[in-house]
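In the working numbering, the protein residues as written are 242 to 387.
Each residue gets a CB set at the ideal place from its N, CA and C atoms; glycine is no exception.
Since this is a predicted model, take the numbers as computed values, not measurements.
Here's the structure, in structure tokens; my notes come after.
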């Protein structure tokens with residue numbers, strides 16, 4: 242839909258009130274969710290990107306970030322997960338935890354630690370705590386090596 246609008250009416254492509262965008266975003270999210278559930282992350286990424294172009298719901302941003310993470314695209318995943326957190330009207334454990342995991346995988350100990358601490362403050366979780374402890378150990382050993 243977004244690509245079609247870009248070609249037919251560039252102004253309409255920049256207007257979220259254009260009819261059908263929200264319905265298309267929901268349809269694409271559901272298709273992307275199904276693809277992710279079946280393990281087809283490339284299809285999920287394509288479909289969720291289309292969903293976000295139609296309307297950037299936080300759930301679509303979060304799932305796209307998770308799929309990118311599973312595909313090893315940590316920098317891209319960080320962008321979408323941070324956007325999901327920013328667009329959500331409430332703070333959710335899962336989003337902060339996923340962002341913390343992605344940042345840890347990308348070797349950003351400092352921000353990963355912040356995100357994991359925030360996740361744990363929302364909902365205590367053993368896996369999040371174990372990853373936070375690992376990040377702290379990793380940061381300490383890097384400081385000692387420097």
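If you compare alpha carbons, which of 293, 278, 276 and 304 is closest to residue 265? 293
At 3 residues or longer, what runs of the beta strand (DSSP E) sit wholly inside the stretch 309 to 372? none
In its own chain, which residues sit with a C-beta less than 7 Å from the C-beta of residue 359, not counting the 5 before and 5 after it? 337
Output yes or no for whether 7 Å exceeds the beta carbon distance between residue 332 and residue 363. yes
If you draw a straight line from the alpha carbon of residue 365 to that of residue 334, how long is it in whole angstroms? 9 Å
Rank 303, 296 and 273 by C-alpha distance to the C-alpha of residue 326 and give the top, closest one. 303
Any idea what DSSP makes of residue 273, helix, strand or coil? helix
With DSSP as the reference, label residue 306 as helix, strand or coil. helix
How long is the line joining the alpha carbons of residue 239 and residue 323, rounded to whole angstroms? Nothing can be reported for residue 239: it is not among the residues displayed for the chain, which extend from 242 to 387.
Option nearest residue 271 by Cα separation, candidates 260, 255, 253 and 290: 290
Element boundaries [alpha helix (DSSP H), containing residue 297]: No alpha helix (DSSP H) contains residue 297, which DSSP labels as neither H nor E.
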